[in-house]
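Residue numbers (the numbering used here): 355 to 749.
Just so it is clear, CB atoms sit at the ideal spot from N, CA and C, and this is done for glycine as well.
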């Protein structure tokens, strides 16, 4: 009798244990991926109880909004997904073009969800502008929303309201097949981690999704774009090293230098911001190897004031053959149009937070690459990670 009682007790405990494992191991019905442009090392207090990686980083330099969004969604760097910037120079037309989702050269989380669910899993995205909203959603999207008017008047609350409206209309998270919802908040909402409008918007977002979908059925992922725009206006006043790098003037000087070496010609075909494009046809006609051309060009550029390094990117799409990196504090300006490129500085670290879906609270102090976000989400919703992602899940 005693043995039978023990046996029944063990069966009951095993059943309870199995039930608990099934509850904690259940995949989320909705993933809400929140990217806050230029969010620094602080984060909204709402996510204190989440799994917080305090030292997130991007594994490449020259970060901007489009490249950062694309890297989070693909789990890899621009070398593979090819979204190198918000805009670049088209080699065929020498005209500036904006990044689009069609330019992403690898699969995204959205693509993998569509493949895994035969197109049933839904993808929605909301941002202040169309390009950002579509880049976040990737190649496969069901619904995107952005501000069609002046985005300066669109704040965090407006963005959240639009996202909740989309959530209700598309019935995201209402069945057992996972859905993805991307939100990209603007830089003006992230200047302070305790910004009341941003906190208010995020609290409203979480509360409404808890009511509509359920807290345990929703996985929230929050991170930053990993850079900040610096204001260098008063650097000189306080003797902080600064200066102006003139892009067109630099291209003309480099062209004159190469002409002195190999005869007259238009050796620099175009320039855009910190990128220079070589006239490959001319070098081929003169039987000058691109290796010699880039080596000589790099040697010349490194002698110019403000230039810290020069990277060579031959045969990579959406980026110039020569990419100039300036010293911290230096500005970049087109001396023909007087267009000034904002000075971007990579953040030393920023948070990567997972919240909801029975994820235990924890603080991680070791550095974590944003490349690991996509495989972590993929593991949580039982799909394959994007095809160029080789990073391991965080948990």
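When the Cα atoms are used, residue 643 and residue 634 turn out to be separated by approximately 9 Å. DSSP places residue 622 in the strand class (E or B) of the three-state scheme.
Ranked by Cα distance from residue 452, the options 721, 670, 719 and 488 are led by 488.
In this structure, the CA atom of residue 683 is about 20 Å from the CA atom of residue 439. Residue 442: member of the beta strand (DSSP E) spanning 441-443, first to last residue. When secondary structure is reduced to three states using DSSP, residue 603 falls in the helix class. For residue 584, the enclosing beta strand (DSSP E) begins and ends at 581-584.
Taking a 10 Å sphere around the C-beta of residue 623, we find 16 or more other C-beta atoms and assign the residue as buried.
The C-alpha of residue 722 is placed about 8 Å away from the C-alpha of residue 408.
Listed as beta-bridge partners of residue 500 by DSSP are no residues whatsoever. Annotated three-state conformation of residue 434 is helix, per DSSP.
Residue pairing for residue 452: DSSP places it in a beta bridge opposite 441. DSSP places residue 637 in no beta strand (DSSP E) but in the uninterrupted alpha helix (DSSP H) bounded by 634-639. Unbroken beta strand (DSSP E) runs of no fewer than 3 residues, entirely contained in the region 715-745, are found at 716-718, following chain order. Nearest in C-alpha terms to residue 530, of all of 494, 385 and 406, is 385.
Shortest Cα-Cα distance from residue 602 to any of 560, 649, 690 and 647 involves 690. For residue 427, the uninterrupted alpha helix (DSSP H) segment begins and ends at 419-428.
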